[in-house]
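With the sequence shown counted from 1, adding 942 to any position gets you the working numbering.
Where a beta carbon is used, it is the ideal one built from N, C-alpha and C, also for glycine.
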Amino acid sequence: MAQTGKNRTVEILNAAAAGKYGVLAAIAYNVEQLTAMVRAAEAKRSPLIIQLFPSTLKQLPTLAYAAAAAVKSATVPLSLHIDHAQDAAHIREIIATLPVDSVMVDMSHYDEEENLAKTKILAKECHAKGIAVEAESGRIEGGEDGIADTEGLEALFTSPEDVDNFIAAGIDILAPSIGNLHGDYGPSGPAPGQLHFDRLTAINKQIDNRVLIALHGTNDFPPELLRQCIENGAIKLNVNKLLLEVWNEFLRKNAAGMSLVKLIDEGMKVLQVETERWMDICQSSGKA
């Protein structure tokens, strides 16, 4: 694994790998969601990785500082991760100006050779500032709020060669393509056989503790499927709609008839409960 010194994201994930549990890497779009997630981590004594999209950094420039303050003041292990950073110039701006612990250098919209070349250069620059690096090997199809839509690009499964090439590029966290999708699968989650667990198991064996595994595309997952991913080596669990749909649904039902202050307060309570539930499912509760 590339050396990043004392890095919060890497420390959280190393502990999870040793303890064989998963850690939520949860997308927040605003300070209310951020607050609810941190409260859940404190209540459950669970580690948590807070994730922001590059688009959110531009939309709400102060949110990264609020997240960094939460990381610093928490009594449980937290870290701040920038997910799906897809523009090299913006990545360089992020690592030069923001208090982040890790960045996903996502060059998967390029062909494999250019993806690797850009990833290697940017990983070196991130490591020089003590920032850990995640990258996507192959290509995960689809799109969601905050990242470029790759629906028009063919999904590319992660191969054994991809694994070795990305490790050689100096990354710390590998996000493999095993049939997972960005966006929605449908109310029943992935179809039977859609996720290639044999491929995930083989990747986990091949990396041999050299890097850590992240799982993207968890929308609509039932609990048992997420646990199966953890058992097969995926410990950084990127979650967006999986947590936030209860928040969205609460706002849809109550926005017209509830005062703003109460709407925010009650919405945060709903999201905190849901986050705590998934921390129990991932078995990270009590691990802080």
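Taking A1011 as the reference, which of V1042, L1058, R1169 has the closest Cα? Against the sequence shown, residue 1011 aligns to sequence position 69. With distances taken between Cα atoms, A1011 lies closest to V1042.
Unbroken stretches of the alpha helix (DSSP H), 4 residues or longer, contained in the region 1188 to 1227: 1202 to 1224
State the CB to CB distance for the pair S1226 and Y963, rounded to an integer number of angstroms; the pair is presumed to be in contact (CB under 8 Å). Here residue 1226 is taken as the residue at index 284 of the sequence shown, counted from 1. Here residue 963 is taken as the residue at index 21 of the sequence shown, counted from 1. The pair is a contact, with the Cβ atoms about 5 Å apart (cut-off 8 Å).
Check whether the Cβ atoms of T951 and H1032 sit closer than 7 Å, and answer yes or no. By one-based count along the sequence shown, residue 951 stands at place 9. By one-based count along the sequence shown, residue 1032 stands at place 90. Cβ distance not < 7 Å, so T951 and H1032 don't count as in contact.
Best match in I1113, L1186, M1200 for proximity to E1067 [C-alpha to C-alpha]: Taking the first residue of the sequence shown as position 1, residue 1067 is located at position 125. Of the listed residues, the one whose Cα sits closest to E1067 is I1113.
To the nearest angstrom, how far is the alpha carbon of A1198 from that of K1211? The residue you call residue 1198 lines up with position 256 of the sequence shown. The residue you call residue 1211 lines up with position 269 of the sequence shown. Between A1198 and K1211, the C-alpha separation is close to 19 Å.
Of the choices K1178, D1140, N1161, whose alpha-carbon is the least far from that of I890? Summary: the structure shown does not reach residue 890, with the chain confined to residues 943 through 1230, and so no result is reported for it.
Check I992 in the structure and name its three-state DSSP category. Here residue 992 is taken as the residue at index 50 of the sequence shown, counted from 1. In this structure, I992 counts as strand in the three-state DSSP scheme.
Straight-line CA distance for T1092 to H1051? Residue mapping note: residue 1092 aligns to position 150 of the sequence shown, counting from 1. Residue mapping note: residue 1051 aligns to position 109 of the sequence shown, counting from 1. Caution applies to T1092, whose pLDDT of 49 falls short of 50 and renders its modelled position unreliable; the model cannot decide the point.
Rounded separation between T1217 and H1158 - CA only: Residue mapping note: residue 1217 aligns to position 275 of the sequence shown, counting from 1. Residue mapping note: residue 1158 aligns to position 216 of the sequence shown, counting from 1. Those two C-alpha atoms are separated by around 17 Å.
Give the DSSP-derived three-state secondary structure of K1178 in the structure shown. For this step, residue 1178 is matched to residue 236 along the sequence shown. K1178 falls in the strand class under three-state DSSP.
Hey, quick one: how far does the beta strand (DSSP E) through L1116 stretch, first residue to last? Locating residue 1116 in the sequence shown gives position 174, where the first residue counts as 1. Element bounds for L1116: 1115 to 1118.
Report yes or no: do three or more beta-carbon pairs, one from the region 1200 to 1207 and one from the region 983 to 990, lie closer than 8 Å? no
Of the choices N1196, Q1136, L1186, whose alpha-carbon is the least far from that of L1167? The residue you call residue 1167 lines up with position 225 of the sequence shown. The shortest C-alpha separation from L1167 is found at Q1136.
Helix or strand or just coil, what does DSSP make of A1230? The residue you call residue 1230 lines up with position 288 of the sequence shown. In this structure, A1230 counts as coil in the three-state DSSP scheme.
Are I1115 and R1152 closer than 7 Å when you measure CB to CB? Counting from one through the sequence shown, the residue named residue 1115 turns up at place 173. Counting from one through the sequence shown, the residue named residue 1152 turns up at place 210. For I1115 and R1152, no; Cβs fall outside 7 Å.
Contacts around A1009, its chain only, beta-carbon distance under 8 Å, and the 5 residues preceding and following it disregarded: In the sequence shown, residue 1009 corresponds to position 67, counting from 1. Only A970, L976, I992, L994, L1022 meet the Cβ criterion.
Roughly how many angstroms separate the alpha carbons of G1175 and P1165, rounded to a whole number? Your numbering for residue 1175 matches position 233 in the sequence shown. Your numbering for residue 1165 matches position 223 in the sequence shown. When rounded, the distance between both Cα atoms is 16 Å.
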